[in-house]
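In what follows, a structure is listed as structure tokens, so that the remarks can point back to it.
2 protein chains.
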Amino acid sequence: MKSLYRKELLTVQWRRNAVQIIDQTKLPNKLVYLRCTDHREIAKAIKSLVVRGAPAIGICAALALLLVTINSKAKTEKDLKTELERAGGLLISTRPTAVNINWAVKRILQISSSGKNVKEIKRLVKREALTMLNDDILTNKKMGRTGSDLFHDGDVVMTHCNAGSLATSTYGTALGVLRAAREDGKNLKVIATETRPVMQGSRLTAFELMHDDFDVRLISDTAVGYVMANKMIDKVIVGADRILCTGHVYNKIGTYQIAIMAHIHKIPFYVAAPVSTFDLKSSISEITIEDRSPEEITKIKNIFIAPKGINTINPAFDITPPNLITGIITELGLLEPPFQRSIDTIIRRSRRY
Amino acid sequence: MKSLYRKELLTVQWRRNAVQIIDQTKLPNKLVYLRCTDHREIAKAIKSLVVRGAPAIGICAALALLLVTINSKAKTEKDLKTELERAGGLLISTRPTAVNINWAVKRILQISSSGKNVKEIKRLVKREALTMLNDDILTNKKMGRTGSDLFHDGDVVMTHCNAGSLATSTYGTALGVLRAAREDGKNLKVIATETRPVMQGSRLTAFELMHDDFDVRLISDTAVGYVMANKMIDKVIVGADRILCTGHVYNKIGTYQIAIMAHIHKIPFYVAAPVSTFDLKSSISEITIEDRSPEEITKIKNIFIAPKGINTINPAFDITPPNLITGIITELGLLEPPFQRSIDTIIRRSRRY
Chain L
1 MKSLYRKELL TVQWRRNAVQ IIDQTKLPNK LVYLRCTDHR EIAKAIKSLV
51 VRGAPAIGIC AALALLLVTI NSKAKTEKDL KTELERAGGL LISTRPTAVN
101 INWAVKRILQ ISSSGKNVKE IKRLVKREAL TMLNDDILTN KKMGRTGSDL
151 FHDGDVVMTH CNAGSLATST YGTALGVLRA AREDGKNLKV IATETRPVMQ
201 GSRLTAFELM HDDFDVRLIS DTAVGYVMAN KMIDKVIVGA DRILCTGHVY
251 NKIGTYQIAI MAHIHKIPFY VAAPVSTFDL KSSISEITIE DRSPEEITKI
301 KNIFIAPKGI NTINPAFDIT PPNLITGIIT ELGLLEPPFQ RSIDTIIRRS
351 RRY
Chain U
1 MKSLYRKELL TVQWRRNAVQ IIDQTKLPNK LVYLRCTDHR EIAKAIKSLV
51 VRGAPAIGIC AALALLLVTI NSKAKTEKDL KTELERAGGL LISTRPTAVN
101 INWAVKRILQ ISSSGKNVKE IKRLVKREAL TMLNDDILTN KKMGRTGSDL
151 FHDGDVVMTH CNAGSLATST YGTALGVLRA AREDGKNLKV IATETRPVMQ
201 GSRLTAFELM HDDFDVRLIS DTAVGYVMAN KMIDKVIVGA DRILCTGHVY
251 NKIGTYQIAI MAHIHKIPFY VAAPVSTFDL KSSISEITIE DRSPEEITKI
301 KNIFIAPKGI NTINPAFDIT PPNLITGIIT ELGLLEPPFQ RSIDTIIRRS
351 RRY
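For the protein sequence lines, the chains are L and U, in the order given. Anchor point for the first sequence: position 247 equals 247 in the working numbering, and the numbering is continuous, going up by one each time. Anchor point for the second sequence: position 105 equals 105 in the working numbering, and the numbering is continuous, going up by one each time.
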């Protein structure tokens, strides 16, 4: 493993007219970079969780549209815009719950609409997509600054799924806050949940925190209540895939029950998410929760761990209501309850997209 | 898979002076029977979860002591009793949390103490061990009768771990109740949790319920809150590894958090356990919760699903407090809150062992 750790974890990069991503399905055993030169390759990578994490797939969607403009043979701006819209639709369809793809596609389409000719559109899309990539790390560092004060030296922090470097271009959202706290001289310990079925906790969070020399321990998702009841956890921090204007947080399946248990055991429960994660228009009834393949539960590689043909219920996300959340950490500051008001004050007023 | 299903699931049997058990580490892919003729083989099988489930390992311990008497070359009753005591100690040390091994060993040693010579001890131990094996199924059927009335036609029932045929000699405790309800003409649906890290839910419960043509669906342990919040569950039923006089229930890791969520979502939470599961003497501080190997979490077969060398917290059990429990189903009837009183009235007064 040591040799893997020497390389830097740059999850999404733009290199020589291609999107270079870490293939997260190969972790923690192999660190493999994948080079994509076509937006359909990106869509496939998002769909199959080669790249995942709300901010990372948002950035990938923007870069995928940049690839569309590079590969396009369109002669008119109308044709190019049609190509971009079609590609945007494909990208949005890959993961219906996370809002960041919508955000990124909307932002690129909006910019492209101001272009007067093919050349100008290509230039504008390139500038915007690369700005979004660069902004991602700045956003994460600002979130880190916002959140660091909430954590104290010696805290043991539980996290679920992966809201780290591997969920963004780099640095991370929830794990970015822990990095910032450490940069501020605080010694934190982390307990990572495995996060079945896709095991982002054991495969990704454990991997990336060991890479950065954090004191990290891994537990099964069944042991959350046990460690909380035994007073082994001081705080919980997770990321988010979509946050509504009411403060309802869509995040990885299992987040809701961790929030319930944190509430019961009086443990502060924080969400770290950039402004791009907020969906101020939709209501719960309008949002689809992705039901993924049974094979995520029944097989690991080629080993069956359940009887063949068993039916499953495999939602990718759940909804944590605002009453279970202590605070939402954003790059614009900490949102506190009542969230409807703080989201309205801080997020709505700042939003261009 | 079909061919496996045609065979009967007899988890623990006594056949031609040997204990025959199903090797549960091979399920759901292979149905393999293991023949043990030495008590040390049984101890190893219990330790490595080849056989598991509180009632099943209790019965196995009794039969292991029967093997001691068969294999013994002791000339005096004192020597034979010493051999039995030593073997009993070994068996108890295999799984410190489940009380049924203690119960079985104590019961066999008590019987053996009344034997006046080697031959009589051997005869008494044989009769007692085989009675215990036969009683197990009768106990399960009585528990089924007690519990059936609590379930209604059309109920969707969540269960955790495996408290079925595979956790007893046959028929099961929690799943025995569901079998009894079905025999009473009720159509039940089951949602089984995977039960990481050892996956008794996906490997064993899903397997045994498909075997018996139950409508069973499998979920990740992370989806418990989701299915409850979406009103997909009417009742929860689980087994137990040890129940204290206060009504505190030791059961598979993850039970406690399911009980919390059932409580929050106002879903009845039942425990099914034979009288042999009750420990009326110990207090919480006296009971060790087994911390098992990191490899249970980090590896599946030979595949690493977490970084090598990661630290883990891997408790095998947790404690569900009585205030989260709706009722405890036993072969002597239904225990209702306040449990301290109902346990005192029904269990303590009935106990010989």
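A virtual CB, placed ideally from N, CA and C, is assigned to each residue, including glycine.
Task: For M261/U, the three-state DSSP class (helix, strand or coil) - done: helix
TODO: Name, going along the chain, the residues of the stretch 235-250 of chain L whose beta-carbon falls closer than 8 Å to a beta-carbon of chain C.
DONE: No chain C is part of this structure, whose protein chains are labelled L and U.
- [ ] Leaving aside the five residues before and after L178/L along the sequence, list all residues of the same chain whose C-beta is less than 6 Å from its C-beta, in chain order.
- [x] L188
Task: Inter-residue Cα distance where the pair is P55/U and A98/U - done: 9 Å
Task: Classification of G309/U by the beta-carbon crowding that lies within 10 angstroms, buried from 16 upward - done: The residue is exposed, with fewer than 16 neighbouring Cβ atoms inside 10 Å.
Open item on the list: Please tell me whether C245/U and L280/U are closer than 8 Å, where the distance is taken between their beta carbons.
Closed with: yes
Task: Integer-rounded CB distance, given that A180/U should sit under 8 Å from S148/U - done: At roughly 4 Å, the Cβ-Cβ gap stays under 8 Å, so S148/U and A180/U are in contact.
TODO: Mind reading off the beta-carbon distance from G88/U to L66/U? Whole number of angstroms is fine, and I expect it under 8 Å.
DONE: Not quite, the Cβ-Cβ distance comes to about 12 Å (not below 8 Å), so this is no contact.
TODO: Would you mind stating whether S114/U and I137/U have Cβ atoms separated by less than 8 Å?
DONE: no
TODO: May I ask you to verify whether the stretch 253-271 of chain L touches the stretch 337-348 of chain L, counting CB pairs closer than 8 Å and requiring at least 3?
DONE: no
TODO: Below 7 Å CB to CB, which residues in the same chain sit around K235/U once its five sequence neighbours on both sides are set aside?
DONE: F151, D155, V157, I267, P268 and Y270
Task: Exposed unless 16 or more other CB atoms sit within 10 angstroms - verdict on T345/U - done: exposed
Task: Within chain U, partners of G357/L - CB distance below 7 Å - done: As shown, chain L starts at 1 and ends at 353. That puts residue 357/L outside it, with no answer to give.
Open item on the list: Between the alpha carbons of Y226/U and G58/L, how many angstroms are there, rounded?
Closed with: 26 Å
TODO: Could you say if the stretch 9-21 of chain U and the stretch 297-306 of chain L meet the contact criterion of at least three C-beta pairs nearer than 8 Å?
DONE: no
Open item on the list: I need the straight-line Cα distance from K26/L to L63/L, nearest angstrom please.
Closed with: 22 Å
- [ ] List in chain order: all unbroken alpha helix (DSSP H) runs of 4+ residues lying wholly within the stretch 206-247 of chain L.
- [x] 206-211 and 224-229
Task: Residues of its chain near L80/L, where Cβ-Cβ distance is below 6 Å and the 5 sequence neighbours each way are ignored - done: Residues S72, A74, V118 and I121 of the same chain have their beta carbon placed closer than 6 Å to that of L80/L, with the five preceding and five following residues left out of the count.
Task: Beta carbon of N102/U nearer than 8 Å to that of I92/U - done: Going by beta carbons, N102/U and I92/U fall inside the 8 Å limit.
TODO: Classify C36/U as helix, strand or coil using the three-state DSSP reduction.
DONE: strand
Open item on the list: Below 7 Å on C-beta distance, what does T97/L contact in chain U?
Closed with: Here the premise fails: no neighbours, minimum Cβ distance about 13 Å.
Open item on the list: Which residues in chain U have a C-beta closer than 7 Å to the C-beta of R217/L? List them in chain order.
Closed with: N311, T312 and I313
- [ ] Check the Cβ of A54/L against every Cβ in chain U and list those closer than 7 Å, keeping chain order.
- [x] Those do not exist, as A54/L stays about 17 Å from chain U at its closest Cβ, beyond 7 Å.
TODO: Just the chain U side, please: which residues come within less than 8 Å of F269/L by C-beta, in chain order?
DONE: Within 8 Å Cβ-Cβ: nothing; F269/L doesn't reach chain U, min ~13 Å.
- [ ] May I ask you to list, following chain order, the residues of the stretch 279-290 of chain L that have a beta carbon less than 7 Å from some beta carbon of chain U?
- [x] none
- [ ] Using a Cβ-Cβ cut-off of 8 Å, state whether I303/U counts as contacting chain L.
- [x] yes
Open item on the list: Between the alpha carbons of T326/U and N162/U, how many angstroms are there, rounded?
Closed with: One C-alpha to the other measures close to 20 Å.
Task: Residues from the stretch 7-41 of chain U in contact with chain L, defined by Cβ distance under 9 Å - done: L27, P28 and N29
Open item on the list: If you follow the beta strand (DSSP E) that F269/L is in, where does it begin and where does it stop?
Closed with: F269 to A272
TODO: Kindly provide the ranges of any alpha helix (DSSP H) runs that are 4 or more residues long and lie completely inside the stretch 131-217 of chain L, ordered along the chain.
DONE: 174-183 and 206-211
- [ ] Thinking V190/U and F207/U are a contact (beta carbons under 8 Å), I'd like their distance in whole angstroms, please.
- [x] At roughly 12 Å, the Cβ-Cβ gap does not stay under 8 Å, so V190/U and F207/U are not in contact.
TODO: Just grab the DSSP bridge partners of Y364/L for me.
DONE: With chain L covering only 1 through 353, there is no way to say anything about residue 364/L.
Open item on the list: Using the three-state DSSP reduction, which class does I347/L fall into: helix, strand or coil?
Closed with: When DSSP states are grouped into helix, strand and coil, I347/L belongs to the helix group.
Task: Own chain, CB closer than 7 Å to M261/L, minus 5 neighbours either side, in chain order - done: V224, G225 and M228
Task: Partner residues on chain L for P307/U, Cβ-Cβ distance less than 7 Å - done: Residues of chain L whose Cβ lies closer than 7 Å to the Cβ of P307/U are, in chain order, M1, P28, A206, F207 and M210.
Task: Proximal residues, the stretch 123-155 of chain L versus chain U, C-beta separation under 7 Å - done: none
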